[in-house]
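Be aware that the sequence shown starts at 48, since it is given in the working numbering, and climbs by one per residue. Note that the Cβ used here is the ideal one computed from N, Cα and C, for glycine as well.
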Amino acid sequence: MREGQNPAKFVDEVTRPQRVTVAVLSYIPFLSGFYAQALEVLNACLGSIWEHTDLPYDLLVFDNGSGTEARDYLLKAQADGQIQYLLLSERNLGKGGAWNIIFQSAPGEIVAYADSDARFSRGWLSRSIEILETFPRVGMVTSRPFRTPPEYYGATVAWAASTPDAALERGQFIPWEDFRAFDLSLGQDEGDIRAHYESTHDIRIRYGGLTAMVGASHWQFVARKHVLQEFLPFEMDRPMGQVRQLDQRMDQSGYLRLMTAEPLAMNMSNTLKPIPPVYVRRRAPTLGQRLLDWPPIRSTLLFVYNRIFRWYYAR
């Protein structure tokens, strides 16, 4: 038998969610090896959102089965009022499984998604939404220009080429320093980066008084929630390596995939170590470093590391 009246009956109004949900996906199983600085990277990611997001938003964090340290950090941030929605998964569902939940549960009509190693600069959200709402039929906008695979932006180029009000241009528009910094963050070799830069080009579109670069990426993007839901569910049988399904499906469906002309987001990868300046000459590797990079030893050690990781964490 109930005693008394539920106090909620006397609440006159409830809080409405913001139009934009900034959604971050985190996964930090332990704090050693590859993940030694992962909690610091996550803190830098969220800190840049808190400091540099220039439009009203709610922050949603989906934790994909992290260890105790990461969960405690996120719970404290929520208790301090810095995270509005916190979803803690008992197990790692993979990126596709996490997307299935995030893109359904985000309360805003616009989802600004980021992996937990993204770092933002001031104005990233307003600039991205400006492109999203100016160009027609936009699928996703990434807050940084870089060169993405041409097979994922055919629909964007075709639209610009057939639209009289759109000016399509090809050339070297991304400054070398910005191009180099991003590719270095992905672990690529400096020589390969230079060769890639010199052998490829950028594509940009001028439309409605704005300039946007052609391409976008699954690691960070701004999109309308109802558009993302068109591609659900994602059925990926591996935690990583299949995330370009979103890029491919959007292009095949005729949606534009665009990037801001300025670098307003950066990939930190797994470390806060700064990108070395162009003029810095790297020290010659030691004998131990050369041995570790020798293909037979490198492949063997990486195989052992991968097996150990799977035994303990891929369950």
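Boundaries of the alpha helix (DSSP H) around residue 294: 291-299. Residue 283 is positioned such that its CB atom lies closer than 8 Å to that of residue 142. Counting only the Cα atoms, residue 93 lies some 11 Å from residue 86.
A straight-line Cα-Cα distance of about 12 Å links residue 140 and residue 149. Taking C-beta atoms under 8 Å as the contact rule, residue 263 and residue 188 qualify, at a distance of about 6 Å.
When secondary structure is reduced to three states using DSSP, residue 264 falls in the strand class. Around the beta carbon of residue 307, 16 or more other beta carbons lie within 10 angstroms, which makes this residue buried.
Within the same chain, and ignoring the five residues on either side of residue 225 in sequence, the residues whose Cβ sits closer than 6 Å to its Cβ are 310. Runs of the alpha helix (DSSP H) lying entirely within the segment 67-114, each at least 4 residues long, are 85-99 in chain order. Ranked by Cα distance from residue 109, the first of 228, 77, 341 and 89 is 89. A distance below 8 Å separates the beta carbons of residue 112 and residue 136.
In the displayed model, residue 333 falls within coil according to three-state DSSP, outside both helix and strand. Residue 105 and residue 317 have their C-alpha atoms roughly 25 Å apart. Note on geometry: alpha-carbon atoms of residue 157 and residue 346 lie some 43 Å from one another. Residue 145 places its beta carbon 8 Å or farther from that of residue 67. Pairing residue 294 with residue 50, the inter-Cα distance amounts to about 55 Å.
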